[in-house]
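My numbering puts the sequence shown at residues 2 to 96.
For glycine and all other residues, C-beta sits at the position ideal for the given N, C-alpha and C.
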Amino acid sequence: MLFHVRMRVNIPHDLDADVVAKLKSAERERAQQLQRDGTWRHLWRIVGQYANISVFDVASADQLHEILAGLPLFPYLDIAVTPLTRHPSAISDET
């Protein structure tokens, strides 16, 4: 199943800089592993915002929830999820 996921990062300004650096490093590592695994299919930055648009390819909404809840930055993310399905006018078979 494909899901469009919008994530906006809201790290508190008073959070210790070392903690923030460790969280960002761990987040990068996890995101890159999920991309290598084919689970995090697309990752796009939203210009001018600390936010992204992503496409995840997972077996279920429950699996997506587990992945998102396991992200190191999860406590600081505002997340909106939209399930996707193939459009009948699409010319590509790529999912």
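Check	Outcome
Just tell me which of Arg46, Arg37 and Leu35 has its CA closest to the CA of methionine 8.	Arg46
Check isoleucine 47 in the structure and name its three-state DSSP category.	coil
Rank Asp17, Val56, Ala60 and Leu69 by C-alpha distance to the C-alpha of threonine 83 and give the top, closest one.	Val56
Closest to aspartate 79 by CA distance: which of Ile12, Leu35 and Gln36 is it?	Ile12
How far does the beta strand (DSSP E) with valine 59 in it extend, from its first residue to its last?	Per DSSP, valine 59 belongs to no beta strand (DSSP E) and is neither H nor E.
Relative to the C-alpha of leucine 1, which candidate in Ser90, Pro76, Leu72 and Arg87 has its C-alpha closest?	Absent from the model: residue 1. The displayed extent of the chain is 2 to 96, so no value can be given.
Closest by CA to methionine 2, which one among His88, Asp94, Ser90 and Ser61?	Ser61
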